[in-house]
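In the working numbering, the protein residues as written are 332 to 624. Backbone N, C-alpha and C define an ideal beta-carbon position, used for all residues, glycine too. Given the structure is predicted, the values throughout are model-derived calculations rather than measurements. Here's the structure, in structure tokens; my notes come after.
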């Protein structure tokens, strides 16, 4: 059952890239991030209120992890992904999210004490090479000038890596904190951090002029991509190793590329395919467990 929850969570996550592109046709990056986080936090408020006594009794160390996950593992990658897709494409975002399981392997070794094997090192190398092929659209040959797409792809690679912080930093807290309580608290913390940054510069007068499809896309991102997907992920993460849930992140590139190419008409080049194959190879190496004779 936990693996089914992780699979559904990643299918929902994979759908958010094309939907984000649609939402950006009606909102600026900063406004979309703010509205998406606000609606998602509002959905979690009843859960946070119900759990207020349990959350108040949580250990100081667990609260430090809640704040770190909410700001660095949730709000930050969401913002990076939104800005990256504005400069690049939903297809690139779908492929570069493969950096997440690669980063999970590295961070799990650093913070959770998991052994860094030869296969895991290979996963890091393949993931980084794949990300460079996608960003540079060929073997790295930097001319000193970053194109808009290159900037977007590099931001999206960082976005994939930052999502790993959510699983790695949250894993130990989930041993003591209920998954729904943890999800509600981290989302609200993430919203507060986002609001402090985005509210002063938000173009609130433009919200009423945003077309209905953009509002529907933003709502989908909050309800399906933020509320449901994150709950399912954390419920599963409570009982499954962080490095094992990475096995299912491959669903995001598959769903994301299909929607990006099919619905948004994103171009997909041979270098994107080659880089995506390397990222997926790195993902497989990250989660592969050789059989023991």
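| Check whether residue 420 and residue 433 have beta carbons under 8 Å apart | Taking 8 Å as the Cβ cut-off, residue 420 and residue 433 do not qualify as a contacting pair.
| Reduced DSSP category for residue 585 - H, G, I as helix; E, B as strand; rest coil | Look at residue 585 here: in three-state DSSP terms it is helix.
| task | Quick one: residues in its chain with C-beta nearer than 6 Å to the C-beta of residue 340, no 5 flanking neighbours on either side, listed in chain order? | result | Result list for residue 340: 560, 563, 564, in chain order.
| message | Between the alpha carbons of residue 456 and residue 536, how many angstroms are there, rounded? | response | Answer to the nearest angstrom: the Cα atoms are 46 Å apart.
| request: Name the two residues that bound the continuous alpha helix (DSSP H) containing residue 391. | output: Here the alpha helix (DSSP H) through residue 391 covers 391–399.
| query | Closest by CA to residue 403, which one among 608, 545, 520? | reply | Distances from the CA of residue 403 to each of 608, 545, 520 were compared; the closest alpha carbon is that of 520.
| query | Cα-Cα, which of 425, 547, 373, 541 is closest to residue 487? | reply | It is 425.
| field | Whole alpha helix (DSSP H) elements within the segment 408–489, 4-residue minimum | value | Listed in chain order, they are 421–427, 430–442, 449–467.
| said: Let me check understanding here. Comparing Cα to Cα, which of 481, 513, 601 lies closest to residue 502? | reply: It is 513.
| request: Below 6 Å CB to CB, which residues in the same chain sit around residue 401 once its five sequence neighbours on both sides are set aside? | output: So the list reads 517, 520, 521, once near-sequence residues are dropped.
| request: Please confirm whether residue 422 and residue 591 have their CB atoms less than 8 Å apart. | output: Residue 422 places its beta carbon less than 8 Å from that of residue 591.
| message | In this structure, how does DSSP classify residue 333 when only helix, strand and coil are distinguished? | response | Under the three-state reduction of DSSP output, residue 333 falls in the helix class.
| query | In angstroms, rounded to a whole number, what distance separates the CA positions of residue 406 and residue 601? | reply | C-alpha separation (whole angstroms): 32 Å.
| message | Check for me: the alpha helix (DSSP H) holding residue 521 runs from which residue to which? | response | Per DSSP, the unbroken alpha helix (DSSP H) holding residue 521 starts and ends at 510–529.
| said: Does residue 415 pass the burial test, meaning 16 or more other C-beta atoms within 10 Å, or should it be called exposed? | reply: The residue is buried, with at least 16 neighbouring Cβ atoms inside 10 Å.
| request: Locate the alpha helix (DSSP H) running through residue 378, then write down its first and last residues. | output: Residue 378 -> alpha helix (DSSP H) spans 360–381.
| field | Cα-Cα separation between residue 509 and residue 570, rounded to whole angstroms | value | Between the alpha carbons of residue 509 and residue 570 lies a distance of about 11 Å.
| query | residue 560 lies in the alpha helix (DSSP H); which residues open and close that run? | reply | Counting along the chain, residue 560 sits inside the alpha helix (DSSP H) bounded by residues 560–568.
| Check whether residue 357 and residue 611 have beta carbons under 8 Å apart | Cβ atoms of residue 357 and residue 611: not closer than 8 Å.
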